[in-house]
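Inspection log for the structure reproduced underneath, given as structure tokens.
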Amino acid sequence: MKTLQQLNQLNSCHQEAVMKCLKSRKNEIKQALLGEIVDISCAQLQDFDWQLKLALSSDKIATLQMPLLNLHLDVKEDGEVKPYSVEMSKEELQSLISSLEAANKVVLQLK
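Mapping of the sequence shown onto UniProt numbering: position 26 corresponds to residue 26, and the numbering continues sequentially without gaps.
Right under this line is the structure:
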């Protein structure tokens with residue numbers, strides 16, 4: 001959008017020349033931008049494991065019967081593998097799955 005506003009300040013001959021350059025280098029520009037996006041986060045998932053548990057009670061409720069997921073992630077960051085663990089309820093897991101599906105759609109569109 002900002003580029004279009006700046007182009008409008010040029011005369012039509014210069015606008016055409018700039019647009020021609022941008023169009024001819026579209027793939028190179030796209031690859032450069034994708035490279036910058038990848039550099040934002042260099043962390044990579046190395047391995048994962050999960051475990052389903054059933055919480056039978058809590059300090060507040062005598063009978064709970066609530067399923068919980070323990071998710072263990074091994075993430076490689078700056079050459080070092082760091083373990084992360086998180087416990088999620090069914091609703092939190094569904095939210096995570098939805099977020100990951102949305103992120104996957106974005107990645108597929110960038111390819």
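Glycine included, C-beta positions come from ideal geometry on N, C-alpha and C. All of these numbers come straight from a predicted model, not from anything done at the bench.
Per DSSP, SER12 is one residue of the alpha helix (DSSP H) stretching across 12–24. The shortest C-alpha to C-alpha distance from VAL86 to any of GLU36, ASP74, ASN8 and GLU80 is the one to ASP74.
Using a Cβ-Cβ distance cut-off of 8 Å, the region 63–82 and the region 42–51 are in contact, since at least three pairs of beta carbons, one from each stretch, lie closer than that value.
Judged by DSSP in its simplified three-state form, SER89 adopts strand. Under DSSP, ASN70 shares a beta bridge with GLN51 and GLU87. When secondary structure is reduced to three states using DSSP, LEU56 falls in the coil class, being assigned neither helix nor strand. Shown here, LEU64 sits in coil according to DSSP, grouped into three states, outside any helix or strand. Checking the DSSP bridge columns, you'll see LEU45 partnered with VAL75. Assignment of LYS30 by DSSP, reduced to helix, strand and coil, places it in the helix class.
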